[in-house]
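Enquirer:
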Amino acid sequence: MTTPYTRHLAHDIPAGIVVFLVALPLCLGIALASGVPLLAGLLAGVIGGLLVAVLSGSQLSISGPAAGLVVIVIEAIALLGGFADFLTAVLVAGILQLALARLRAGDLGAYVPSSVIKGMLAAIGLMLIVKQIPVALGHASFAAFDSRIPDDAGLADVFAQASGAVSGGTLTVAAVSLALLAIWETSWVRTQRALRHVPGPLVVVIWGVMYQLVTTHATLDLALADEHLVQLPAIDGLASLGAQLVQPDFSQFANPAMYRVAITLAIVASLETLLSVEAVDKLDPMRRVAPSNRELYAQGAGNIAAGLVGALPLTAVIVRSSANINAGGRTKVSAIVHGVLLLLSVLFLSSALRWIPLAALSAILLHVGYKLARPSLFAAAWREGPSQAVPFIVTVAAILATDLLIGIAIGMAVGIAFTLRSNFHSALSLTRYEDCYLLRMHKDVSFFNKARLRHLLARVAPGSKLIIDASRCAFIDHDIEETIADFQRSARLTKIDVTFRAMPARGIPPAVAAAIGT
1 MTTPYTRHLA
11 HDIPAGIVVF
21 LVALPLCLGI
31 ALASGVPLLA
41 GLLAGVIGGL
51 LVAVLSGSQL
61 SISGPAAGLV
71 VIVIEAIALL
81 GGFADFLTAV
91 LVAGILQLAL
101 ARLRAGDLGA
111 YVPSSVIKGM
121 LAAIGLMLIV
131 KQIPVALGHA
141 SFAAFDSRIP
151 DDAGLADVFA
161 QASGAVSGGT
171 LTVAAVSLAL
181 LAIWETSWVR
191 TQRALRHVPG
201 PLVVVIWGVM
211 YQLVTTHATL
221 DLALADEHLV
231 QLPAIDGLAS
241 LGAQLVQPDF
251 SQFANPAMYR
261 VAITLAIVAS
271 LETLLSVEAV
281 DKLDPMRRVA
291 PSNRELYAQG
301 AGNIAAGLVG
311 ALPLTAVIVR
321 SSANINAGGR
331 TKVSAIVHGV
341 LLLLSVLFLS
351 SALRWIPLAA
361 LSAILLHVGY
371 KLARPSLFAA
381 AWREGPSQAV
391 PFIVTVAAIL
401 ATDLLIGIAI
411 GMAVGIAFTL
421 RSNFHSALSL
431 TRYEDCYLLR
441 MHKDVSFFNK
451 ARLRHLLARV
461 APGSKLIIDA
471 SRCAFIDHDI
481 EETIADFQRS
491 ARLTKIDVTF
501 RAMPARGIPP
511 AVAAAIGT
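Its first residue numbered 1, the sequence shown is counted upward by one per residue in the UniProt record's numbering.
#1: At the level of alpha carbons, what is the spacing between Val214 and Gln231?
#2: I'd like the list of long-range same chain contacts for Ile406, defined as Cβ closer than 7 Å, with 5 residues on each side in sequence excluded.
#3: Hey, out of Asp444, Ala323, Ser115, whose CA is closest to Pro471's CA?
#4: Taking only runs of the beta strand (DSSP E) that begin and end inside the region 291-318, which ones reach a length of at least 3 residues, in chain order?
#5: Residues in the same chain with beta-carbon distance under 8 Å from Ala401, minus the five sequence neighbours each way, listed in chain order, please.
#6: In its own chain, which residues sit with a C-beta less than 8 Å from the C-beta of Ser276, not counting the 5 before and 5 after it?
#7: With contact counted as at least three CB pairs below 8 Å, one residue from each stretch, are the region 66-82 and the region 99-119 in contact?
#8: Note down the Cα distance separating Ile356 from Leu420, rounded to an integer number of angstroms.
#9: Given this structure, state the Cα-to-Cα distance separating Trp382 from Lys118, to the nearest angstrom.
#10: Note the first and the last residue of the continuous alpha helix (DSSP H) segment covering Thr483.
#11: Entirely within the region 228-257 and at least 4 residues each: give me those alpha helix (DSSP H) ranges in chain order.
#12: Three-state secondary structure (DSSP) at Arg383?
#13: How long is the line joining the alpha carbons of Ala474 and Ile74, rounded to whole angstroms?
#14: Determine the extent of the beta strand (DSSP E) in which Gly64 is found, giving its start and end residues.
#15: Decide yes or no for the touch test of the region 86-100 against the region 329-340: beta carbon pairs closer than 8 Å, at least 3 of them.
#16: Three or more beta-carbon pairs under 8 Å between the region 357-370 and the region 198-211, yes or no?
#17: Going by Cα to Cα distance, which pick from Met120, Ser240, Arg354 is closest to Leu24?
#18: State the start and end residues of the unbroken alpha helix (DSSP H) segment that holds Thr216.
#19: Using the Cα positions of Thr186 and Val205, report the straight-line distance between them to the nearest angstrom.
#20: For Pro462, count neighbouring Cβ atoms within 10 angstroms of its own Cβ and tell me buried if that reaches 16, exposed if not.
#21: For Pro134, name the three-state secondary structure that DSSP assigns.
#22: How would you label Arg7, buried or exposed, when you count the other beta carbons within 10 angstroms and need 16 or more for buried?
#23: Could you give the DSSP three-state label for Leu365: helix, strand or coil?
#24: Going by alpha carbons, who is nearest to Asp221 out of Gly169, Gly16, His455?
#25: Restricting to Cα atoms, I'd like to know which of Val414, Gly300, Leu126, Ala305 is closest to Leu43.
#26: Since Ile467 contacts Thr494 with CB under 8 Å, what's their CB separation in whole angstroms?
#27: Whole angstroms is fine: what's the gap from Ala427's alpha carbon to Asp469's?
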């Protein structure tokens, strides 16, 4: 007897293999960018495939370490003192996500303006680029580069330090990798049957490994040193893997800063997950809709597990999910297959993975950062007008100047200000024909509109006629009623003839009726 899952194995197993080939370099690269052991990135991918996929209500979404969390990870580890301290925040973030699921907060993403979300992703992309350029130039990591920069260093000193470690080998690997990724984005590759299903990151990893193999065996000086290659512990089974797991430092429960990191992680990870799942639902050829609260529950369980075993925090990620859909995935079996393959690569392929140059992973992350902060995104925001461009730019600038949580809060405040401003202008309008004025209330009006109402009423000339049309309203705030009543009383002195067209639900407001009867 077949089930919905066994029925689609012919599609899901090949799709799972493709997703694994995409996820492997991304898991390693995001761990590299985060400044944590590379094993932590692979473990996050395993948890995303084997735990989150089983618990999730989404059939096609893929979860794992996300580029959007890199900045939080770097800053949190610096703030809390170490990776084990940070893992406690990941654990608490998972618990908070379970609480959000329990509170049915799955619509959280709908309350954040799209301009703020785009600004957040663009800022993350810019920071990702800045932090990966030193690695592409020859530094072992951004932290290693940053430690050599004096606190009072100027911009010229930073450039000198960055260029001083330039390695011909790492620069060659990075430059060719970026060129390959750019070629793989062209329409020509998409039209080639033999190439269109081959992931660009996999091509980059193969190139990097081949470069290292050739230069090493040819005894060329361009071979990369061990510090410029993936560093993974020797693992040959579950027992040796267990010995490499990092446990959270539970003493951090007494540290208030840990809770701030956890809240930031929970909010940003939940937002990225909900947005990714929404995008996946739109791409799903079967038009299935994933329950958002169940997704938060699955992600919370995944992050609790990540905190306990020493993995990076995870979210649903659109790049791997899109690869799953494009490869023909039909059910969550493809996500589970990708998780199983990641686990097998951790257990049995650690020695082979150590041939991958860090510069190749850095190029992948530079490409990801560029796509998050591509110039066309800024141009599109500008074309959409100030209501979209200003919150977008403010969010980017605020995140770069402060941190993600504060930057998002500032961006949302600006976005809300523009929404209120738009509401002020669209709720009321005043038109004039000769000595007759029409003041129309286009929708419900509250005390927020009182200042604009007074401004419009002040424009009505003495001795004219004014029609106040509230027939489209279902609600008028008491402050608005009093403002209209006050104007009605003063209009008798200025010879303004006022006619009020009542709301269909309530008729003429009592305060206005009293003024008319005065």
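Idealized CB from N, CA, C, for every residue including glycine.
Since we're looking at a predicted model, the values are computed, not measured.
Expert: With the structure as the only source:
#1: 20 Å
#2: Ala398
#3: Before going further, note that residue 471 is Ser rather than Pro in the sequence given. Checked all of Asp444, Ala323, Ser115; the closest Cα to Ser471 is Asp444.
#4: 314-317, all fully within the region 291-318.
#5: Gly407
#6: Ser61, Thr315, Ala316, Val317, Ile318, Ser321
#7: no
#8: 52 Å
#9: 13 Å
#10: 478-491
#11: 238-244
#12: helix
#13: Roughly 51 Å separates the two Cα atoms.
#14: 62-65
#15: no
#16: Contact between the region 357-370 and the region 198-211 is present, with at least three C-beta pairs closer than 8 Å.
#17: Arg354
#18: Residues 200-217.
#19: 19 Å
#20: Of the residues assessed, Pro462 falls on the exposed side of the cut-off, its CB having fewer than 16 other CB atoms within 10 angstroms.
#21: helix
#22: exposed
#23: In the three-state reduction of the DSSP assignment, Leu365 falls in the helix class, which pools H, G and I.
#24: Gly169
#25: Ala305
#26: Not really, about 16 Å apart at Cβ, beyond 8 Å.
#27: 12 Å
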